[in-house]
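Chemist: Using our numbering, the first residue of the sequence shown is number 480, and each one after it goes up by one. Backbone N, C-alpha and C define an ideal beta-carbon position, used for all residues, glycine too. If you scroll down you'll find the structure; I have some questions about it.
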Amino acid sequence: MKNKNEDIDRSKKLEDSLERLITITGEVRDNINNVGSSSELLSLIKELNNNTKRHNKILIGLSFMLLALTLIESALLLKLKSLVGISLIDILFLVFWFIGSALVMLEGLAWFFEWRGHRLT
Numbered sequence: 480m481k482n483k484n485e486d487i488d489r490s491k492k493l494e495d496s497l498e499r500l501i502t503i504t505g506e507v508r509d510n511i512n513n514v515g516s517s518s519e520l521l522s523l524i525k526e527l528n529n530n531t532k533r534h535n536k537i538l539i540g541l542s543f544m545l546l547a548l549t550l551i552e553s554a555l556l557l558k559l560k561s562l563v564g565i566s567l568i569d570i571l572f573l574v575f576w577f578i579g580s581a582l583v584m585l586e587g588l589a590w591f592f593e594w595r596g597h598r599l600t
């Protein structure tokens with residue numbers, strides 16, 4: 480009778496140990512799957528970083544193109560005004576046009592650098 484109770488206790492302990500082993504194996508499997516997901520996430524972050532660098536170059540190029548177009552347009556307006564005759568109001572218009580264009584450019588560049596994580600102030 481005593482041997483039978485000992486056998487029952489051993490079988491219960493063995494059953495518990497087996498359940499713990501299965502649980503631990505499942506946790507290890509989950510951790511391995513998480514590591515796989517982490518490497519996929521890392522590759523996505525690298526790809527996003529490469530795309531961001533490309534987009535940054537495009538934004539800087541567009542900013543310089545906008546500045547060049549503003550200068551060309553202002554020069555054409557000055558040339559047109561010199562052919563027709565220039566007045567003080569026209570000069571003020573061109574000055575404010577230049578200032579407004581410069582402020583828009585600076586605001587765009589400030590947004591761009593803050594978006595990249597660089598504080599300007």
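Taking only three categories from DSSP, how would you classify S542?
Modeler: As a working note, residue 542 is residue 63 in the sequence shown. S542: helix per DSSP, three-state reduction.
Chemist: For T600, which residues of its own chain have a beta-carbon under 7 angstroms away from its beta-carbon, when the five flanking residues on both sides are left out?
Modeler: As a first step, residue 600 is located in the sequence shown; it is residue number 121 there, counting from the start. Annotation note: pLDDT 47 at T600 (below 50); position unreliable, coordinate value reported separately. Nothing meets the Cβ criterion.
Chemist: Compare the Cα-Cα distances from L573 to each of N484, N535, L582 and A554 and report the closest residue.
Modeler: To locate residue 573, count along the sequence shown from 1; it is residue 94. Of the candidates N484, N535, L582 and A554, the one whose C-alpha sits nearest the C-alpha of L573 is A554.
Chemist: Does DSSP put S496 in a helix, a strand or coil?
Modeler: Taking the first residue of the sequence shown as position 1, residue 496 is located at position 17. If DSSP states are grouped into helix, strand and coil, S496 belongs with the helices.
Chemist: G587 and L545: beta carbons closer than 9 angstroms?
Modeler: Residue mapping note: residue 587 aligns to position 108 of the sequence shown, counting from 1. Residue mapping note: residue 545 aligns to position 66 of the sequence shown, counting from 1. Yes; because the gap between Cβ atoms is below 9 angstroms, this pair is in contact.
Chemist: Return yes when the Cβ of W576 is within less than 9 angstroms of the Cβ of L548, no when it is not.
Modeler: Taking the sequence shown and counting its residues from 1, the one referred to as residue 548 is at position 69. Taking the sequence shown and counting its residues from 1, the one referred to as residue 576 is at position 97. No, these two residues do not count as a Cβ contact at 9 angstroms.
Chemist: Looking at S542 and F591, is the spacing between their C-beta atoms short of 9 angstroms?
Modeler: Walking along the sequence shown from the start, residue 591 turns up at place 112. Walking along the sequence shown from the start, residue 542 turns up at place 63. Closer than 9 angstroms, so yes.
Chemist: Report all residues from its chain with a CB closer than 6 angstroms to the CB of L550; omit the five preceding and five following residues, and keep chain order.
Modeler: Position 71 of the sequence shown, counting from 1, holds the residue named residue 550. Result list for L550: empty, nothing under 6 angstroms.
Chemist: Which class does S566 belong to by DSSP, given the choice of helix, strand or coil?
Modeler: Sequence index remark: in the sequence shown, residue 566 carries index 87 (1-based). DSSP places S566 in coil when its eight states are reduced to three.
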